[in-house]
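J.: Pasting in a structure now, in structure tokens, and then I'll have a few things to ask.
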Amino acid sequence: MANLIDSITASRVWRSFFRHGWPDTEINRSLVMTTNIFFHLHPVKVSRKSLRASSTWGLGVIATILFIILTLTGILIMFYYVPSTEMAYDSIIILQTKVLYGQLMRNMHRWAAHAMVLVVVLHMLRVFYTGAYKPPREFNWVVGVFLLLMTLGASFTGYLLPWDQLSFWAITVGTNIAGYAPLIGPKMRFMLLGGFEVGQNALIRFYALHIMALPLLMAGAASVHIWRVRKDGGLAMQGGQEELLDIE
Ligand code: HEM
């Protein structure tokens, strides 16, 4: 049996996945951590306090998971949704009533979107409460602010897509408010809508922002954000630098 395991772990196929041997030596244990993307997201040393569930409530991680759920359910919805003023509403009705698990996908997408706004705001409050916006984490705070704005932007643009009365009037009111911003307001409203009223141009613009531009920017910013947590020395420690735990 031991021979079999040895020959499997020494094979070229195994080595193409894992560049280290069995984690039974110090060096192999270190390699397990540093050659695996998920383990490598964590810093080599962490403080005991930051490991407590109550230091973060896992809110950043929950926001990341919600983003992944939104991406997956969004891709499935895109197989049926048609971004045209003639067909958008009907395509959503067909998705809900005729497509297997269509209603589940739509509801998961909608609830995950609501939850993400709530969770990201709570995450921001937690970061503020634990003073994690202070140097050296001020850059990551700014990345976070962009992530919050993009999360709100994704919710806003998604709201128009079902093309029902609620969508139409919510976006009419929302873009009218944007139009009152000093100096750039009217131009911004025109750019968003592709005209002076909510119509086909607005729908296709909101669709492009919702399914492509914002998700890509968010995925990029979230990657920098999570990478930066590691580079800033792990989570902010509440109560000083004592008790560093060496996990290597
Ligand atoms: C899409 C939205 C966001 C995602 C996916 C996200 C993800 C994460 C993750 C996974 C962490 C690691 C620890 C944790 O769970 O708390 C983290 C930490 C952090 N986040 Fe976010 N975040 C988002 C939005 C924000 C916002 C809105 C802010 C503030 C304006 C922010 C500021 C920070 C800071 C400063 C840290 C480091 C905290 C520390 O060192 O204790 N993030 N974020």
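In terms of our numbering, the sequence shown is residues 8 to 255.
Ideal Cβ placement from N, Cα and C applies to all residues, glycine included.
What you are looking at is a predicted structure, and each value in this text was computed from that prediction instead of being measured.
1) Given 7 Å as the limit, tell me if F151 has its C-beta closer than that to any heavy atom belonging to ligand 1.
2) Could you check if A139 is buried or exposed, using at least 16 other CB atoms within 10 Å of its CB as the buried criterion?
3) Return the CA-CA distance between I15 and A9, expressed in angstroms with no decimal places.
4) Return the residue from the list T137, A17, F46 and P222 that minimises the CA-CA distance to L159.
5) For a test of your reading of the model: does the CB of M131 fall under 7 Å from any non-hydrogen atom of ligand 1? Yes or no.
6) Identify, in the order they occur along the chain, each residue of the same chain with its Cβ nearer than 8 Å to the Cβ of G247, setting aside the five sequence neighbours on each side.
7) For S54, which of helix, strand or coil comes out of DSSP?
8) Just mark I99 as buried or exposed, buried being the case when its beta carbon has 16 or more other beta carbons within 10 Å.
9) Applying the criterion that 16 or more other CB atoms from any shown protein chain within 10 Å of the CB defines a buried residue, is H121 buried or exposed?
10) Once the 5 residues before and after R212 are set aside, which same chain residues still bring their CB inside 6 Å of it?
11) Measure from the alpha carbon of F86 to the alpha carbon of each residue in M198, G109, I69 and Y96, then state which is nearest.
12) Can you list, in chain order, the residues of its chain with a C-beta nearer than 7 Å to that of T92? Leave out the 5 residues immediately preceding and following it.
13) Counting Cβ pairs closer than 8 Å, one from the segment 66–84 and one from the segment 183–197, do we hit at least three?
14) On the three-state DSSP scale, how would you describe E204?
15) Counting only the same chain and skipping the five closest in sequence on each side, list residues whose C-beta sits under 7 Å from that of L251.
16) Quick test of your reading: A119 and L155, contact by CB under 8 Å. State the CB separation rounded to the nearest angstrom.
17) In three-state DSSP terms, what is F197?
18) Apply the 10 Å Cβ neighbour rule to S61 and answer buried if 16 or more other Cβ atoms are within range, or exposed otherwise.
19) Is A120 near ligand 1, going by C-beta to nearest heavy atom under 7 Å?
20) Taking 7 Å as the cut-off, is the beta-carbon of R144 closer than that to any non-hydrogen atom of ligand 1?
21) By a C-beta neighbour count over all protein chains shown, 10 Å radius and 16 as the cutoff for buried, is V127 buried or exposed?
22) Comparing the CB of T137 with every heavy atom of ligand 1, is any distance shorter than 7 Å?
23) Thinking just about the alpha-carbon of each residue, which of V231, G165 and V180 is nearest to the one in V150?
T.: By the coordinates alone:
1) Sequence index remark: in the sequence shown, residue 151 carries index 144 (1-based). Note on residue identity: the sequence assigns Gly, not Phe, to residue 151. Yes, the Cβ of G151 comes within 7 Å of a heavy atom of ligand 1.
2) As a working note, residue 139 is residue 132 in the sequence shown. Around the beta carbon of A139, a 10 Å sphere encloses 16 or more other beta carbons of the protein chains shown; the residue is thus reported as buried.
3) Position 8 of the sequence shown, counted from the first residue, corresponds to residue 15. Position 2 of the sequence shown, counted from the first residue, corresponds to residue 9. Approximately 10 Å between the Cα atoms of the pair.
4) Counted from its first residue, the sequence shown places residue 159 at position 152. Closest option to L159, Cα to Cα, is P222.
5) What you label residue 131 is simply residue 124 of the sequence shown in a count that begins at 1. The answer is yes for M131.
6) The count along the sequence shown starts at 1 and reaches residue 247 at position 240. Confidence in G247 is poor, its pLDDT being 49 and thus under 50, which makes the residue's placement too unreliable to answer from.
7) Within the sequence shown, residue 54 is the residue found at index 47, counting from 1. Note: S54 maps to strand in three-state DSSP.
8) For the purposes of this step, residue 99 is taken as residue 92 along the sequence shown, with counting starting at 1. Its Cβ being crowded by 16 or more others within 10 Å, I99 is buried.
9) In the sequence shown, counting from the first residue as 1, residue 121 sits at position 114. Exposed, since its Cβ has fewer than 16 Cβ neighbours within 10 Å.
10) What you label residue 212 is simply residue 205 of the sequence shown in a count that begins at 1. Contacts found: G201.
11) Along the sequence shown, read from residue 1 onward, the residue named residue 86 stands at position 79. Among M198, G109, I69 and Y96, the Cα nearest to that of F86 belongs to G109.
12) Within the sequence shown, the letter at position 85 stands for residue 92. The answer, listed in chain order, is W170, G206, Q207 and L210.
13) no
14) Position 197 of the sequence shown holds residue 204. It is coil, neither helix nor strand.
15) In the sequence shown, the residue the question calls residue 251 occupies position 244. A caution first: L251 carries a pLDDT of 49, below 50, which makes its placement in the model unreliable, though a value can still be read off. K52 and S54.
16) Position 112 of the sequence shown, counted from the start, is the residue given in the question as residue 119. Position 148 of the sequence shown, counted from the start, is the residue given in the question as residue 155. The pair is not a contact, with the Cβ atoms about 16 Å apart (cut-off 8 Å).
17) Along the sequence shown, one-based indexing puts residue 197 at 190. Look at F197 here: in three-state DSSP terms it is helix.
18) Here the question's residue 61 lines up with position 54 in the sequence shown. Exposed, by the Cβ-count rule.
19) Position 113 of the sequence shown holds residue 120. No; taking the cut-off as 7 Å, the Cβ of A120 has no heavy atom of ligand 1 nearer than that.
20) Position 137 of the sequence shown holds residue 144. Answer for R144: yes, Cβ within range of ligand 1.
21) Against the sequence shown, residue 127 aligns to sequence position 120. V127 should be labelled buried.
22) The count along the sequence shown starts at 1 and reaches residue 137 at position 130. Yes, Cβ of T137 sits closer than 7 Å to a heavy atom of ligand 1.
23) Taking the sequence shown and counting its residues from 1, one reaches residue 150 at position 143. When only C-alpha atoms are compared, the closest one is V231.
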